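Asks:
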Amino acid sequence: MKKKLFLGLMAAAAVSFTACQKNEVISEMPQDEAISFNTYLGRGAQTKGTVVETTQLQTQGFGVFAYYTGQTEMEDYSITGAPEFMNNILVNFNQFVTGDWGYETIKYWPNTPGDKISFYAYGPHDNDALNAISVATAADSKPVLTYTVAKEFTKHMDVLFTPAQEDQTKADGAVDMTFYHALSRVGFKVYSDVNYSSTIVLTGVTLRGKFYESGEMNLGTANITTYDHDTDNSTPEIFQKVNNNWTSQTQSGSNVTFIYLTGGTQEVSYAANATAATVVDNDSNGTNDAQYLMIIPQTFGASDKITLTASYTVDGVPNTVSKEMEFTFEAGKAYTFAIKIGLTTVDFSANVVAWDETPGSTEVEIN
Numbered sequence: 016m017k018k019k020l021f022l023g024l025m026a027a028a029a030v031s032f033t034a035c036q037k038n039e040v041i042s043e044m045p046q047d048e049a050i051s052f053n054t055y056l057g058r059g060a061q062t063k064g065t066v067v068e069t070t071q072l073q074t075q076g077f078g079v080f081a082y083y084t085g086q087t088e089m090e091d092y093s094i095t096g097a098p099e100f101m102n103n104i105l106v107n108f109n110q111f112v113t114g115d116w117g118y119e120t121i122k123y124w125p126n127t128p129g130d131k132i133s134f135y136a137y138g139p140h141d142n143d144a145l146n147a148i149s150v151a152t153a154a155d156s157k158p159v160l161t162y163t164v165a166k167e168f169t170k171h172m173d174v175l176f177t178p179a180q181e182d183q184t185k186a187d188g189a190v191d192m193t194f195y196h197a198l199s200r201v202g203f204k205v206y207s208d209v210n211y212s213s214t215i216v217l218t219g220v221t222l223r224g225k226f227y228e229s230g231e232m233n234l235g236t237a238n239i240t241t242y243d244h245d246t247d248n249s250t251p252e253i254f255q256k257v258n259n260n261w262t263s264q265t266q267s268g269s270n271v272t273f274i275y276l277t278g279g280t281q282e283v284s285y286a287a288n289a290t291a292a293t294v295v296d297n298d299s300n301g302t303n304d305a306q307y308l309m310i311i312p313q314t315f316g317a318s319d320k321i322t323l324t325a326s327y328t329v330d331g332v333p334n335t336v337s338k339e340m341e342f343t344f345e346a347g348k349a350y351t352f353a354i355k356i357g358l359t360t361v362d363f364s365a366n367v368v369a370w371d372e373t374p375g376s377t378e379v380e381i382n
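Numbering (the numbering used here), first residue to last: 16 to 382.
(1) Bridge partners of Y137, per DSSP?
(2) Would you kindly work out how many angstroms separate the C-alpha atoms of I121 and I310, rounded to a whole number?
(3) Considering only C-alpha positions, which residue in the set D155, A325, E228, N238 is nearest to G96?
(4) With a threshold of 16 other CB atoms inside 10 Å of the CB of A346, please say whether the residue is buried or exposed.
(5) Note down, one range per segment and in chain order, each beta strand (DSSP E) of at least 3 residues found wholly within the segment 279 to 333.
(6) DSSP three-state label for T65, please.
(7) Return helix, strand or coil for L358, following the three-state DSSP convention.
(8) Classify N288 as buried or exposed, calling it buried when 16 or more other Cβ atoms lie within 10 Å of its own Cβ.
(9) Need the endpoints of the beta strand (DSSP E) that S269 sits in, please.
(10) Considering only the beta carbon of each residue, do N258 and T240 sit closer than 8 Å?
(11) Pop quiz: V216 and V294 are said to be a contact at Cβ under 8 Å. What is the actual Cβ separation, rounded to whole angstroms?
(12) The beta strand (DSSP E) that contains P158, what's its start and end?
(13) Counting only beta-carbon atoms, is G129 nearer than 8 Å to chain C?
(14) With DSSP collapsed to three states, give me the class of T152.
(15) How far does the beta strand (DSSP E) with Y118 in it extend, from its first residue to its last?
(16) Rounded to whole angstroms, what's the CA-CA distance from L175 to E339? Just pull it up for me.
(17) Taking 7 Å as the limit between beta carbons, can you name the residues of its chain near S263, skipping five residues before and five after?
(18) Indicate the three-state DSSP secondary structure (helix, strand or coil) for Q73 in the structure shown.
(19) Thinking just about the alpha-carbon of each residue, which of I94, T113, G117, P98 is nearest to the one in L105?
(20) Looking only at its own chain, which residues have a Cβ that is under 6 Å from the Cβ of S337, when we skip the five neighbours before and after it?
(21) Where does A353 fall in DSSP's three states?
(22) Assuming E99 contacts K131 under a Cβ cut-off of 8 Å, what Cβ separation, rounded to an integer in Å, is found between them?
(23) Between which two residues does the beta strand (DSSP E) harbouring F168 extend?
(24) Would you mind sorting N260 into buried or exposed? The rule is 16 or more other CB atoms within 10 Å of its CB.
(25) For G235, count neighbouring C-beta atoms within 10 Å of its own C-beta (all shown protein chains included) and say buried if the count is 16 or more, exposed if not.
(26) Should T351 go down as buried or exposed, given a rule of 16 or more other Cβ atoms within 10 Å for buried?
(27) Less than 8 Å between the C-beta atoms of T277 and G219, yes or no?
(28) Based on DSSP bridge pairs, tell me the residues matched to S229.
(29) Return the CA-CA distance between L358 and L222, expressed in angstroms with no decimal places.
(30) With H, G and I counted as helix, E and B as strand and the rest as coil, what does DSSP make of D47?
(31) Per DSSP, what kind of secondary structure is D130 in: helix, strand or coil?
(32) When you compare each of S51, F52, I356, A49 to Y211 by their alpha carbons, which one comes out closest?
(33) Would a C-beta distance cut-off of 8 Å place S133 and Y82 closer than the cut-off?
This is how it looks when you write it as structure tokens:
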């Protein structure tokens, strides 16, 4: 069986948006055509901790930068500062256009044949209340996004990007944008593989390591890799994998501890395997919604292993176990650490899937 550890084609219904009709235009000729976007949000682009759901992206919106370069192609264009055509404009749902996507100041395609515009987008927009994302422009540089990893995982953000759409013209029509996940998503499950009469309660989960505290992503170069995963030279299978687009990562000299669960009272249930295990419930609202860590892709080797710690009680008697491990977190992938608790032993396993959580993923035993 082929192991498909990849981010699959981002499949979702397209939504289009146009600007509300206000102010600034390139020209006012009858043949003017407003710039619109076809925006695709992948099945896996839904988040708590905070995973971006469609409704959340509609509320928070996403940011778009655009450079108008005339007849010059973008690779030959000299950037002197922030783009004047579109500079981190906010695109969201129902604010500027009732019942549809829109942005505040209408923009039109240039009517001169061959005139070009290059587009760069990310989400959520950097006006988010958590202040985890910021985007800056400078001379000689396309927009650069900075993500700061909060100590509290509930303030983590699901950062999305689109591969650059450069040298677009009026003849190309609507600009197609497909958003991909730039970070690694981490969640936890818990179970017992034996039906004990004893009561086992999970009380705490932490993940500790020298995780990156911040990183930068150039929206002009952020991309994916498309490749043929066919191994038997029969029908080609084309897949997409998110590149690790992060640079300038910062890392403290001491460990960072993400407290995923503390003071918990989740009773551990029987499950036949890790796949059937129960998601660790750390939602203070009691809705049992999954929440996640959102971390910058990183490899932990023998000299800087991560440590997963679980605290639990068996019939009221407290216990704590930890597991050190080497591990690699890749961009655009979701990881689930499953904690198997018995009366005398605790095992850990890790599961990695494409973010759309395609069935048939490979489980890596680390106990």
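The C-beta atom is built at its ideal place from N, Cα and C for all residues, glycine as well.
Since the structure is predicted, the reported quantities are computational estimates derived from the model, not experimental observations.
Replies: Judging by the given coordinates:
(1) G78, F176
(2) 36 Å
(3) D155
(4) buried
(5) 308 to 310, 313 to 315, 321 to 329
(6) Because T65 sits at a pLDDT of 46, beneath the cut-off of 50, its placement in the model cannot be relied upon, and the point is left open.
(7) coil
(8) exposed
(9) Segment: none, S269 is in no beta strand (DSSP E) and carries neither H nor E.
(10) yes
(11) About 16 Å separates the two Cβ atoms, so there is no contact after all.
(12) 156 to 163
(13) The chain inventory of the structure shown lacks chain C, comprising one protein chain alone.
(14) strand
(15) Where Y118 is concerned, there is no enclosing beta strand (DSSP E), given that its DSSP letter is neither H nor E.
(16) 30 Å
(17) G230, E231
(18) helix
(19) G117
(20) T322, T324
(21) strand
(22) So it is not a contact: roughly 15 Å between Cβ atoms.
(23) Careful: F168 lies outside any beta strand (DSSP E) and carries neither H nor E.
(24) buried
(25) buried
(26) buried
(27) yes
(28) T163, T265
(29) 23 Å
(30) coil
(31) coil
(32) I356
(33) yes
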